[in-house]
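Engineer:
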Amino acid sequence: MNTNRTFTMLKPDSIEQGNMLPILNMIENSGFKIIALKYKRMNRDEAKKFYSIHSDKPFYNDLVSFMTRGPIIAAALEKENAVDDFRSLIGSTDPLDAKEGTIRKKFAKSKGENAVHGSDSDENAYVEINFHFDKNEIFS
Ligand code: IDP
Ligand code: MG
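In case it helps, numbering that gives the first Met the number 0 puts the sequence shown at residues 0 to 139.
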């Protein structure tokens, strides 16, 4: 298991509000190397599969609709301690709880539309990177 990688998505709200480049800047300025990058729109099946762990949650349908309403940026990131450091950079799920200086504090409008995704474990980072990227699309 590679512990130096994580996966992120800039969610549709970030793209709609013109925050794509400021967020990518924050990510690079925090020491993450972008080793794969894709601008794409997920279809409903992809979004349902990506978030299948939440399929029993009350917000699942809204989450799938939100994540498919427009394009996202998907990226694989490399840095020592990538998963934990990236979770620190993005802040709490609910921007009201997110610390000053975090991406969600700065850009997220609500707990649902919260600007970015970040993997929660090395295992999930591996699964999520492979969900969105072929091996030959990763430049490490
Ligand atoms: P995380 O993105 O901080 O890891 P998770 O609990 O894994 O948070 O939830 C995945 C995503 O589902 C969140 O980023 C958010 O978009 C959405 N979500 C989580 N909890 C709620 C909620 O209580 N209401 C609405 N949307 C939620
Ligand atoms: Mg999560």
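Glycine is no exception: its CB is placed at the ideal position from the N, C-alpha and C atoms.
#1: Tell me which residues share the same chain as aspartate 84 and place their Cβ nearer than 7 Å to its Cβ, disregarding the 5 neighbours each side in the sequence.
#2: Tell me whether aspartate 84 counts as near the ligand MG, meaning its Cβ is closer than 7 Å to at least one heavy atom of that ligand.
#3: Strictly under 8 Å for the Cβ-Cβ distance: is arginine 103 near chain B by that measure?
#4: Considering only the beta carbon of each residue, do proline 21 and glycine 69 sit closer than 8 Å?
#5: Since lysine 32 sits in a beta bridge, which residues does DSSP pair it with?
#6: Below 7 Å, is the gap between the Cβ of aspartate 93 and the nearest heavy atom of the ligand MG?
#7: Could you check if lysine 105 belongs to the surroundings of the ligand IDP, using beta carbon to heavy atom distance under 7 Å?
#8: When the Cα atoms are used, what is the spatial distance from arginine 86 to threonine 5?
#9: Let me confirm a value: leucine 143 is counted as buried when at least 16 other C-beta atoms fall within 10 Å, else exposed. Which label applies?
#10: Less than 7 Å between the CB of aspartate 44 and some heavy atom of the ligand MG, yes or no?
#11: With 16 as the cutoff for other CB atoms within 10 Å, does isoleucine 52 come out buried or exposed?
#12: I'd like to know whether the C-beta atoms of threonine 2 and asparagine 42 end up nearer to each other than 8 Å.
#13: Taking methionine 25 as the reference, give the member of Ser120, Gln16, Ala73, Lys105 with the closest Cα.
#14: Take every Cβ of the stretch 26–37, pair it with every Cβ of the stretch 126–137, and state whether three or more of those distances are shorter than 8 Å.
Structural biologist: Concretely, from the data shown:
#1: Sequence-distant Cβ neighbours of aspartate 84 in its own chain, meaning closer than 7 Å and more than five residues away, are Lys78.
#2: Incorrect: aspartate 84 has no Cβ contact closer than 7 Å to the ligand MG.
#3: Chain labels in this structure do not include chain B; a single protein chain is all it has.
#4: no
#5: Per DSSP, Glu77.
#6: No, the Cβ of aspartate 93 stays beyond 7 Å of every heavy atom of the ligand MG.
#7: no
#8: 10 Å
#9: Residue 143 falls outside the range modelled here, since the chain spans only 0 to 139, and no answer is possible.
#10: no
#11: exposed
#12: no
#13: Lys105
#14: yes
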